[in-house]
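Everything on this sheet refers to the single structure shown next.
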Amino acid sequence: ASGSDLIRATLFPGDGIGPEIADSVKQVFKAAEVPIEWEEHYVGKEIDPRTQSFLTWESLESVRRNKVGLKGPMATPIGKGHRSLNLTLRKELNLYANVRPCYSLPGYKTRYDDVNLITIRENTEGEYSGLEHQVVRGVVESLKIITRQASLRVAEYAFHYAKSHGRERVSAIHKANIMQKTDGLFLKCCREVAENYPEIKYEEVIIDNCCMMLVKNPALFDVLVMPNLYGDIISDLCAGLIGGLGLTPSCNIGEGGIALAEAVHGSAPDIAGKNLANPTALMLSAVTMLRHLELHDKAEKIQNAILNTIAEGKYRTADLGGTSSTSDFTKAIIDHL
Ligand code: NAD
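With UniProt numbering applied, the sequence shown has no gaps in its numbers, which climb one by one up to 371 at the end.
Pasting the structure below:
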């Protein structure tokens with residue numbers, strides 16, 4: 035293909051195991067002849083005054099321009115006077131929904147073999163607004179902000195996702211019996227949006243009951259939408275249902291059609307640089323990016339190669355009980371393409 039046929043996408047290899055697993059994705063994409071040209075951006079060593087963060091203005095511009103990207107994990111450098119890298123990305127790019135598909139991997143045995151759900155987390159407000167202060171000594175206050183605008187936006191995304199992916203039901207997860215104003219408003223917005231999607235079943239589930247149901251029978255759920263903190267916790271619970279952090283992908287959806295895919299896990303400093311990391315989560319995140327770009331053939335081909343490699347069981351990384359290195363596992367995926 036000539037340069038002009040290629041789709042440009044931003045790639046942040048990130049920290050820790052990030053560069054190793056990003057390299058796996060690049061190799062697999064190349065072998066599968068995916069028409070993507072990566073624009074690589076690294077986390078800087080100095081704070082960029084324009085972003086007040088180690089992420090440069092140019093990096094953010096790259097995502098805004100390309101509208102698609104893949105992000106490795108980023109460790110938050112210790113020190114004052116800068117913003118967390120992930121928070122910078124979320125705020126600057128207005129990444130309002132975090133979508134985490136979670137399904138049982140055929141051939142990799144866990145307690146359940148019928149998990150197939152999507153958690154959609156509101157990503158910009160709620161308990162993560164960063165508005166905390168001390169009232170008097172011994173008393174602190176943290177503000178949970180829920181707005182009609184952000185709630186409608188994430189609810190609309192959830193119903194649109196359900197409809198366009200052939201899903202049947204959306205469950206709004208809440209604690210409105212106690213958080214009457216905040217979660218109450220969130221639910222009200224979900225109900226309003228539900229009315230525009232009569233073909234999708236809508237239900238409301240209190241978060242404590244939701245946890246119990248997820249652990250007892252995760253097949254009860256389809257698409258779940260919820261405020262920020264609940265989404266953070268529930269989506270990790272769901273990752274645990276299917277085999278852990280090495281496997282679970284996600285995609286951040288932003289204003290103006292931006293999609294920035296990333297694995298759920300962090301930079302795993304304990305195994306970084308040792309060729310031990312499981313690249314599956316980042317690779318499946320890259321697959322969600324391909325689906326966003328409607329490159330469904332390539333997405334299907336790569337996803338099948340990953341799942342078949344894991345199901346075959348010959349090459350698995352240590353987190354899945356195997357002895358393969360990152361590079362051997364990557365090579366096995368390429369052989370399965
Ligand atoms: P972590 O997810 O990095 O690691 C937790 C455990 O899971 C470790 O034992 C690690 O070895 C293992 N693990 C994670 N990913 C793996 C993979 N792909 N293959 C095999 N094993 C894997 O969580 P942490 O240790 O709490 O955080 C480390 C750093 O990452 C921190 O600086 C944190 O702020 C950052 N972090 C970043 C993101 C992000 O960029 N989105 C998310 C979470 C944590």
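Ideal Cβ placement from N, Cα and C applies to all residues, glycine included. Nothing here was measured: the structure is a model prediction, and the numbers come from that model.
- Closest by C-alpha distance to Gln183, out of Tyr146, Gly200, Arg145 and Glu226, is Glu226.
- Around the CB of Asn243, fewer than 16 other CB atoms lie within 10 Å, so the residue is classed as exposed.
- For Ala109, the Cβ falls inside the 7 Å cut-off from some heavy atom of ligand 1.
- Residue environment: Met246 is assigned as exposed (fewer than 16 neighbouring CB atoms within 10 Å of its CB, all protein chains considered).
- Checking the DSSP bridge columns, you'll see Gln168 partnered with Val174.
- Taking the CA atoms as reference points, Ile268 sits about 20 Å from Pro107.
- The residue from Glu190, Thr357, Lys64 and Arg117 with its alpha-carbon nearest to that of Thr90 is Arg117.
- Scanning Val68, Glu237, Pro261 and Gly278 for the CA closest to the CA of Asp39 turns up Val68.
- Annotated as proximal: Ala66 and Lys335, with beta-carbon spacing under 8 Å.
- Under the three-state reduction of DSSP output, Ile212 falls in the coil class, being neither helix nor strand.
- DSSP places Ala311 outside any beta strand (DSSP E), giving it a letter other than H or E.
- Distance from the CA of Glu73 to the CA of Arg42, rounded to the nearest whole angstrom, comes to 7 Å.
- Burial state of His199 is exposed, judged by a 10 Å Cβ sphere holding fewer than 16 other Cβ atoms.
- Boundaries of the beta strand (DSSP E) around Glu238: Lys235 to Ile240.
- Annotation for Arg182: the continuous alpha helix (DSSP H) segment containing it runs Arg182 to Ser198.
- Contact annotation: Arg201 and Asp256 have beta-carbon atoms nearer than 8 Å.
- At a threshold of 7 Å, His299 counts as near ligand 1, since its beta carbon sits closer than that to one of the ligand's heavy atoms.
- The beta carbon of Thr282 sits closer than 6 Å to the beta carbons of Ala273, Val298 and Ala315 from its chain, once the five residues preceding and following it are set aside; these are given in chain order.
- With contact defined as three or more Cβ pairs closer than 8 Å, the segment 158 to 175 and the segment 343 to 362 are not in contact.
- When C-beta atoms of the segment 304 to 312 are compared with those of the segment 42 to 55, three or more pairs fall below 8 Å, so the two segments count as touching.
- Between the alpha carbons of Lys235 and Ala192 lies a gap of roughly 12 Å.
- Taking the Cα positions, Ile287 is about 18 Å away from His330.
- With fewer than 16 other Cβ atoms from the protein chains shown falling within 10 Å of its own Cβ, Leu177 counts as exposed.
- Beyond the five residues adjoining it in sequence on each side, Ala345 comes within less than 6 Å, by CB distance, of Pro140 and Gly141 in the same chain, given in chain order.
- A distance below 7 Å between beta-carbons, with the five flanking residues on each side excluded, links Ile240 to the following residues of its chain, in chain order: His208, Lys209 and Asn211.
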